[in-house]
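**Q** Going by my numbering, the sequence shown opens with residue 6, and the numbers climb by one from there. Just so it is clear, CB atoms sit at the ideal spot from N, CA and C, and this is done for glycine as well.
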Amino acid sequence: CPAGVWTIRNISQILENTVKGDKLVSPRFYNSEGYGVGVTLYPNGRITSNSGFLGLTFHLYSGDNDAILEWPVENRQAIMTILDQEADTRNRMSLTLMFTTSKNQTSSAINGSVIWDRPSKVGVYDKDCDCFRSLDWGWGQAISHQLLKRRNFLKGDSLIIFVDFKDLTHLNRTEVPASARSTMPRGLLLQGQESPALGESSRKAMLEESLPSSLGQRHPSRQKRSVENTGPMEDHNWPQYFRDPCDPNPCQNEGTCVNVKGMASCRCVSGHAFFYAGERCQAMHVHGSLLGLLIGCIAGLIFLTFVTFSTTNGKLRQ
Numbered sequence: 006c007p008a009g010v011w012t013i014r015n016i017s018q019i020l021e022n023t024v025k026g027d028k029l030v031s032p033r034f035y036n037s038e039g040y041g042v043g044v045t046l047y048p049n050g051r052i053t054s055n056s057g058f059l060g061l062t063f064h065l066y067s068g069d070n071d072a073i074l075e076w077p078v079e080n081r082q083a084i085m086t087i088l089d090q091e092a093d094t095r096n097r098m099s100l101t102l103m104f105t106t107s108k109n110q111t112s113s114a115i116n117g118s119v120i121w122d123r124p125s126k127v128g129v130y131d132k133d134c135d136c137f138r139s140l141d142w143g144w145g146q147a148i149s150h151q152l153l154k155r156r157n158f159l160k161g162d163s164l165i166i167f168v169d170f171k172d173l174t175h176l177n178r179t180e181v182p183a184s185a186r187s188t189m190p191r192g193l194l195l196q197g198q199e200s201p202a203l204g205e206s207s208r209k210a211m212l213e214e215s216l217p218s219s220l221g222q223r224h225p226s227r228q229k230r231s232v233e234n235t236g237p238m239e240d241h242n243w244p245q246y247f248r249d250p251c252d253p254n255p256c257q258n259e260g261t262c263v264n265v266k267g268m269a270s271c272r273c274v275s276g277h278a279f280f281y282a283g284e285r286c287q288a289m290h291v292h293g294s295l296l297g298l299l300i301g302c303i304a305g306l307i308f309l310t311f312v313t314f315s316t317t318n319g320k321l322r323q
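#1: For residue 159, name the three-state secondary structure that DSSP assigns.
#2: Can you give, in chain order, each stretch of the beta strand (DSSP E) that sits fully within the segment 99 to 160 and has at least 3 residues?
#3: Leaving aside the five residues before and after residue 44 along the sequence, list all residues of the same chain whose C-beta is less than 7 angstroms from its C-beta, in chain order.
#4: Taking only runs that begin and end inside the segment 14 to 62, name each unbroken beta strand (DSSP E) of 3 or more residues, in chain order.
#5: Using beta-carbon positions only, say whether residue 147 and residue 102 come within less than 8 angstroms of one another.
#6: Could you compute how far the alpha carbon of residue 53 sits from the alpha carbon of residue 145?
#7: Residue 68 and residue 6 - do their beta-carbons sit closer together than 8 angstroms?
#8: With respect to the beta strand (DSSP E) encompassing residue 262, which residues constitute its N-terminal and C-terminal limits?
#9: Residue 139: buried (16+ other C-beta within 10 angstroms of its C-beta) or exposed?
#10: Taking residue 271 as part of the beta strand (DSSP E), name the residues at either end of that continuous run.
#11: Please classify residue 232: is it buried, with 16 or more other beta-carbons within 10 angstroms of its beta-carbon, or exposed?
#12: Alpha carbon to alpha carbon, what distance is there between residue 93 and residue 306?
#13: Going by CA-CA distance only, name the one from 302, 39 and 27 that's closest to residue 50.
#14: Is it true that the CB of residue 170 sits closer than 8 angstroms to the CB of residue 90?
#15: Rounded to the nearest angstrom, what separates residue 20 and residue 155 at their Cα positions?
#16: According to the Cβ coordinates, are residue 130 and residue 78 closer than 8 angstroms?
#17: Helix, strand or coil, according to DSSP, for residue 67 in the structure here?
#18: Based on DSSP bridge pairs, tell me the residues matched to residue 169.
#19: Taking residue 115 as the reference, which of 272, 141 and 299 has the closest Cα?
#20: Which stretch, first to last residue, makes up the beta strand (DSSP E) that contains residue 175?
#21: Looking at the unbroken beta strand (DSSP E) that takes in residue 288, where does it start and where does it end?
#22: Could you please give the first and the last residue of the uninterrupted beta strand (DSSP E) stretch that includes residue 282?
#23: Find the nearest neighbour of residue 280 within the set 298, 300, 264 and 259, judged by alpha-carbon distance.
#24: Considering only the beta carbon of each residue, do residue 83 and residue 111 sit closer than 8 angstroms?
#25: Please report the straight-line C-alpha distance between residue 151 and residue 57, rounded to a whole angstrom.
#26: If I measure Cβ to Cβ from residue 134 and keep anything under 8 angstroms in the same chain, skipping five residues before and after, which residues do I get?
#27: Go ahead and label residue 304 buried or exposed: buried means 16 or more other beta carbons lie within 10 angstroms of its beta carbon, across all protein chains shown.
#28: Sort out for me which residues DSSP pairs residue 11 with in a bridge.
The structure is reproduced here in structure tokens:
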């Protein structure tokens, strides 16, 4: 499961009443390591983006675990997914955006510091969560409004976004040596650079660097995190996640697959004469009542044949 699920309701009204540059910030979620993460949604795109697009960016939050975590945090894969809420999982076309954090991802807005350093050090105070939030990093044109409405992204007038933050450090042992290259993904823009022309079908990742002039601003007191204010489980209609153990159907002989706690369980077909059994409904059996009837019929037929043969043989002897 992802680290967090953000459900945005009344999305059609939000798209209509917001302008380019307006944004919505998600609650704070925690990944398995304890990092606080979140996403920022731009309903009508970033200031430098074309209109008619949805913008989506990723950021870090400060949290109670920061003192024991690794900083700057690198080799982590940030994953953001806009869910296609199509009921048939075989026809879903969810949009997934991802990138990997690196110590080379710096910004002049924070005096050349690493973007993924401790948020309380390089971020800005956010009164909504009583915590610090880092710079936004992501896409100003993630998906067009036209595509959002064409498919089932806005089903029930709700937009559902998954966010996750996975550790890729273990992959360093399998890394193939390569020539040194810039880790800045193509299309990412830093402050002061001229933005290239953006086509309607292009998706340009951009870095938000609008911070207050004083990075030294600190809130005098912070509320300890508790189960009640973590946010991920509150008021979320959890849809079936895109990893479905029943897709494709592992059951044979027209068996029905049921998702039981993330495991595929087969419900086998049973007819009047035959039924299927086994873990995958692979074995065919005959009903006991029918089997008894068949045995009785065969025994009766043999007995009738024997009687007929005996009677005929007796008449011939006479």
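**A** So, from the data block:
#1: For residue 159, the secondary structure class from DSSP, reduced to helix, strand or coil, is coil.
#2: 100 to 105, 129 to 131, 136 to 138 and 142 to 149
#3: 11, 31, 61, 62, 63, 85, 166 and 168
#4: Listed in chain order, they are 41 to 47.
#5: Contact: yes.
#6: 8 angstroms
#7: no
#8: For residue 262, the uninterrupted beta strand (DSSP E) segment begins and ends at 261 to 265.
#9: buried
#10: 268 to 272
#11: For residue 232, the predicted structure reports a pLDDT of 38, less than 50, and the residue's modelled location is therefore unreliable. A value from the coordinates is still provided. The residue is exposed, with fewer than 16 neighbouring Cβ atoms inside 10 Å.
#12: 53 angstroms
#13: 27
#14: no
#15: 15 angstroms
#16: no
#17: coil
#18: Beta-bridge pairing links residue 169 to 84.
#19: Nearest of 272, 141 and 299 to residue 115, Cα basis: 141.
#20: For residue 175, there is no enclosing beta strand (DSSP E), as DSSP marks it with neither H nor E.
#21: 288 to 291
#22: Per DSSP, the unbroken beta strand (DSSP E) holding residue 282 starts and ends at 279 to 282.
#23: 259
#24: no
#25: 8 angstroms
#26: 32, 33 and 66
#27: exposed
#28: 166
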